[in-house]
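Shown next, in structure tokens, is the structure this report addresses.
Numbering (the numbering used here), first residue to last: 23 to 312.
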């Protein structure tokens, strides 16, 4: 592994430049570490931000935000920067950790498990699951959070959630099952136009061969999902875990008996919901009613 480049007189963590209005989330220290290394390699190459930005195809202000740990650099930028600055793989070695930093701290372990899963079972009760959301719906959801999120954090979380949707294009293709409570389809978060686009997104994703979307109707007298939303993740080799989230806190469940119970509950929920074909028809009708 290549050694990190250090400059003479380098300041420690407490000596870092403070940027007005910036507020990195707890656990995002890797962004500051990456930013310091990026700056050192740039200076070693004798490049100003304007020059480096021109070569990389990014504005000087964007380069500054990466160097100051205020924004999450995309993987393509990291690869390009490592090559342009002759960093010897040092920047690329941080790519995976940097990618995880784009998620809120409570979701980072779940994001890693999701990226490794060969099958996902998702039950949503309050909002559409993130893997199904449009960018406009995400924006609306994050802007509703209280306490309020600053604009930079909203944009970062939207970008991170969009990146997760690459799971549908991954090879080998994972199998993904969603059950969404009807109340979610009736809750017009962001307004009618946003909801219209969201329902269209459901129809689009629901047509994928590896995806099934089901609706749990409000008129069901039996609903095994009254305890709230959850996700069951199946990993290669048959190992299963569950993910529970509420009020900005999360729990990864790995104890076999407990996971088996959650998985069984999902099976009952699927049986109680509309079939995938009935659900797509229900979504089409809901779209027509807007």
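Quick reminder that beta carbons are idealized off the backbone N, C-alpha and C, glycines included.
For residue j and residue i, believed in contact at Cβ under 8 Å, the rounded distance
i           : j           : result
residue 133 : residue 145 : Not really, about 18 Å apart at Cβ, beyond 8 Å.
residue 6   : residue 225 : Here the chain covers residues 23 to 312 and nothing more, so residue 6 does not appear.
residue 256 : residue 140 : 6 Å
residue 150 : residue 206 : 6 Å
residue 283 : residue 268 : With a Cβ gap of about 18 Å, residue 283 and residue 268 do not count as contacting.
residue 309 : residue 204 : Contact flag wrong, Cβ pair sits at about 14 Å.
Identity of the residues DSSP links to residue i by a beta bridge
i           : result
residue 268 : 271
residue 216 : Answer by DSSP bridge pairing: none, since residue 216 is not bridged.
residue 234 : 199
residue 257 : 139
residue 252 : 145
residue 263 : 255
Of the listed residues the options, nearest to residue i (C-alpha basis)
i           : options            : result
residue 266 : 143, 171, 290      : 143
residue 107 : 78, 220, 121, 116  : 78
residue 200 : 292, 189, 259      : 292
residue 98  : 114, 188, 86       : 114
residue 137 : 238, 279, 196      : 196
residue 131 : 100, 271, 110, 85  : 271
residue 109 : 123, 154, 63       : 63
residue 276 : 249, 211, 186, 253 : 253
residue 6   : 52, 154, 259       : Shown here, the chain extends from 23 to 312; a query on residue 6 therefore has no answer.
residue 247 : 215, 184, 148      : 148
residue 52  : 183, 95, 135, 85   : 95
residue 220 : 312, 80, 273       : 312
residue 258 : 164, 68, 163, 194  : 194
residue 103 : 217, 163, 67       : 67
residue 179 : 212, 165, 303, 192 : 165
residue 289 : 303, 245, 217, 183 : 245
residue 129 : 152, 231, 278      : 152
residue 190 : 230, 167, 112      : 230
residue 184 : 192, 167, 168, 160 : 160
residue 181 : 209, 122, 214      : 122
residue 156 : 192, 241, 218, 105 : 218
residue 208 : 304, 135, 127, 274 : 304
residue 213 : 278, 163, 260, 80  : 163
Residue i CB to nearest heavy atom of the ligand NAP below 7 Å
i           : result
residue 252 : Absent from the structure shown: the ligand NAP. Ligands present: none.
Any chain C beta carbon closer than 8 Å to residue i
i           : result
residue 311 : Any reference to chain C falls outside this structure, which holds one protein chain only.
Beta strand (DSSP E) runs contained entirely in the stretch 58-129, provided each spans 3 or more residues
If one requires a minimum length of 3 residues, no beta strand (DSSP E) run lies completely within the stretch 58-129.
For the stretch 168-176 and the stretch 101-120, state whether three or more C-beta atom pairs, one from each stretch, are separated by less than 8 Å.
The stretch 168-176 makes no contact with the stretch 101-120; the number of CB pairs closer than 8 Å stays below 3.
Report the start-end ranges of each beta strand (DSSP E) in the stretch 127-185 that is 3 residues or longer and not cut off at the edges.
List check, beta strand (DSSP E) in window: 139-146.
If contact is defined by three or more beta carbon pairs under 8 Å, each pair taking one atom from either stretch, is the stretch 220-235 in contact with the stretch 282-301?
Contact holds: three or more Cβ-Cβ distances are below 8 Å.
So does the stretch 55-66 actually touch the stretch 81-98, counting three or more Cβ pairs closer than 8 Å?
Touching, per the Cβ criterion.
Entirely enclosed alpha helix (DSSP H) segments - the stretch 276-310, minimum 4 residues:
List check, alpha helix (DSSP H) in window: 278-294.
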